[in-house]
Amino acid sequence: MVAEHTGPAAHTGSPGRTGSPGSAEHDGAPPPHPYGVGRRLTTRRGLLGWAAGGAGALAATPLLSGCGSAAGSPAAAGSPATTVALSDNFGPFDPITATTIESVVLNYHVFEGLIDIDQSDRKLFLALAEDWPRRLSDRRYRVRLRAGARFHDGTPVRARDVVYSVHRTRHAKTSFFAQFIPYVEGAEAVDGRTVDIVLSEPSGLLHQALTQIRVVPERHVERVGDEAFGTRPVGSGPYAFQEAQTNRSVRMRRAPGYNGPRPGRLERATFSIVSDSPVRISALRSGDVAAIEAPSDFDLGVLRDAGLRVRERPGLLMSFLMVNCARRVFADVRVRRALHYAIDNERVVELAFAGHAQAPTSYLPRDHPAHTRVSRQYGHDPAKARRLLAEAGHPDGLSFKLQVYDTAWNRAVATVIQQQWADAGIKAELLVGGENLYSGVYGGTYEAMLGIADQSVFGWDANTLLSWHYGDTWPEQLFYWSAPERDEILRLLAAARGTEGREQRTAWARAQEVIAEQVPLYPIAHRDVVTAYDPRHYARFSGLSVGGLDVRGAVPAGSAAGGRR
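Now the structure itself:
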């Protein structure tokens, strides 16, 4: 039972992320189920500290640390080299421990899976696989590898490398991605280019699962060790890793001999880390860099007026409200609903995002294939919010402290809803910060939090996205929600994982209905993901639906392969 490969409908998930930390320890092993709010997610601290969408608060670093001289500048128009600006730092590049948006997207250039996902349109495509997996039984699928595929060290990609990579991703104690593929048991080599994928249970999400498994060279990893491999990765993708300087830049070169479906057209690429949006915009306008991610929503007109191209993609990236259900006041669903009825989401989109976002009609964004417009639409009804609070024993309103994850746009959201709540008799004191706020969340002493998340960097299937916040970890360890409805969501996600078609869509739709009814954690807005680039440098540059920048599809200006995308 495998989902159709023509689209993204049946895949994973954010921190974006999907996994489940089985321990309450802040610095324990990666969670085995899907969850995330901030940028680094390998620990419970990471679930909150991973600032999705490139909005992290790094100190500004020298902008062009990766650039060469003027004559050889990677951003020079018509050059086969390029420099682009990311908004946040990267982590390790080992594909089983890469847990930041930047690392995951950079790894798209270096590594391949049997199947990959194009994050510009969410479609799946064959990478190292020669054809789509052939079903041998409900739990066994056969895949033939692309002929002539080689790693960047010159060695051929073998079936045993795939077996090694599947086992490493699924069973290594350090693997963050094991949580996304619990139904993948392992793999077996049939011959040098043929491998069988073995499942522990039938699943309609196999194609999506295979996008989570990056194929690595067994002999090289075993020779250098995991830690060294994470700092100098070797893959089979269109670009080969050269060098990384923490907080500064990553350099890659086009991989010689690459014979896959997405060949690189740039000889060299430098990804500079520039945390400040105005500095990124200035660098793009001056020509110091050729593309940037995450410009301020309020500066897009300025970029267009300067002759630069702006690509906006709808996505999952969200500002969400989470309440501590261990507190009696928020254990009452009437109070939780009142908070949302008091919010004018359309006004939030206008004031905090300059219109470059969507008011939620469900937990999933409107462009997701499994999106269901749920029955309970909160809209803006402050009178109803007051009535619900009165019914719950708060006729004089409500006061609480709201912890706000510190990004410019999330602060703007907090300011808007603070005023809207006040109009409904709800007083929220804003506590803006980063790591310093998390002890109250971990310890269960906080009241409410306005966080951000985008687990879709790990995939696009509804199970991954819904399980991120509504699997095992977040309800138990972060918003402390224990209710029959929570158990119903878990049953629905388990059912969806084991089926496909109408039954799968029905399970996902019901899960979205339950989440909207209960709202212990719910989106305030889904923000568009924005990329800007200079057409003097690129004839084509694909904006993504997640944070980060992907130059695999970039076509240099003047190239015969140009054309807009």
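Just so you know, the UniProt record's numbering puts 562 at position 562 of the sequence shown, and the rest follows in order with no gaps. Note that CB positions come from ideal geometry on N, CA and C, so glycine has one too.
Residue i vs residue j beta-carbon contact at 8 Å
i           : j           : result
residue 402 : residue 86  : no
residue 93  : residue 241 : yes
residue 452 : residue 275 : no
residue 198 : residue 185 : yes
residue 554 : residue 266 : yes
residue 136 : residue 144 : no
residue 462 : residue 496 : yes
residue 386 : residue 433 : no
residue 239 : residue 260 : no
residue 273 : residue 281 : no
residue 159 : residue 134 : no
residue 249 : residue 231 : no
residue 456 : residue 465 : yes
residue 357 : residue 444 : no
residue 174 : residue 96  : yes
residue 207 : residue 552 : no
Segment limits, beta strand (DSSP E) that includes residue i
i           : result
residue 452 : 448-453
residue 317 : Unbroken run through residue 317: none, as it is neither H nor E.
residue 123 : 123-126
residue 574 : This structure cannot speak to residue 574, because the chain is shown only from 1 to 565.
residue 491 : Counting along the chain, residue 491 falls outside any beta strand (DSSP E), though it belongs to the alpha helix (DSSP H) covering 484-497.
residue 531 : 529-533
residue 129 : That residue, residue 129, is in no beta strand (DSSP E); it is neither H nor E in DSSP.
residue 292 : 291-293
Sequence-distant residues of its chain with Cβ nearer than 8 Å to residue i (five each side left out)
i           : result
residue 421 : 339, 342, 343, 427 and 428
residue 333 : 517, 518 and 519
residue 308 : 284, 285, 532, 533, 534 and 535
Sequence-distant residues of the same chain with beta carbon closer than 6 Å to residue i, five excluded per side
i           : result
residue 545 : 119, 313, 315 and 529
residue 117 : 124 and 211
residue 516 : 374 and 376
residue 64  : Bear in mind that the predicted position of residue 64 carries a pLDDT of just 43, short of 50, making it unreliable; the figure below should be weighed with that in mind. Taken in chain order, the residues that qualify are 288.
residue 372 : 362, 509 and 512
residue 236 : 112, 149, 151 and 157
residue 253 : 240, 242 and 268
One or two residues paired with residue i in a DSSP bridge
i           : result
residue 141 : 135 and 197
residue 272 : 85 and 249
residue 217 : Bridge partners of residue 217: none, in fact.
residue 427 : 399
residue 118 : 123
residue 191 : 194
residue 556 : 538
residue 223 : Residue 223 is not bridged to any residue.
residue 156 : 150
residue 523 : 320
residue 241 : 252
residue 432 : 404
residue 358 : 526
residue 393 : Note: residue 393 sits in no beta bridge, so no partner.
residue 309 : 533
residue 163 : None, per the DSSP bridge assignment.
Contact set for residue i: own chain, Cβ-Cβ below 7 Å, skip 5 residues either direction
i           : result
residue 306 : 285
residue 257 : 150
residue 290 : 75, 82, 83, 84, 533, 534, 537 and 538
residue 153 : 217, 220 and 234
Boundaries of the alpha helix (DSSP H) in which residue i is found, first to last residue
i           : result
residue 353 : 345-353
residue 517 : 501-518
residue 112 : Where residue 112 is concerned, there is no enclosing alpha helix (DSSP H), given that its DSSP letter is neither H nor E.
residue 476 : 473-477
residue 408 : 408-422
residue 445 : Premise fails: residue 445 is in no alpha helix (DSSP H) and is neither H nor E.
residue 463 : 462-470
residue 210 : 206-210
residue 338 : 333-341
residue 278 : 277-286
residue 567 : Examination of residue 567 is not possible in this model, given that the chain is present from 1 through 565 alone.
Below-8 Å beta-carbon distance, residue i vs any chain D residue
i           : result
residue 411 : Structure shown: chain D not included; a single protein chain is present.
Legend entry - Contact the segment 95-104 vs the segment 523-530: 3+ CB pairs below 8 Å: The segment 95-104 is not in contact with the segment 523-530.
Legend entry - Contact between the segment 497-505 and the segment 188-204 (3+ Cβ pairs under 8 Å): yes
Inset, instruction - Count the CB pairs spanning the segment 180-189 and the segment 209-229 that are closer than 8 Å, and state whether there are at least three. - result: yes
Inset, instruction - Mind the definition here: the segment 405-425 touches the segment 346-361 only if three or more C-beta pairs lie below 8 Å; say whether that holds. - result: Segments in contact, yes.
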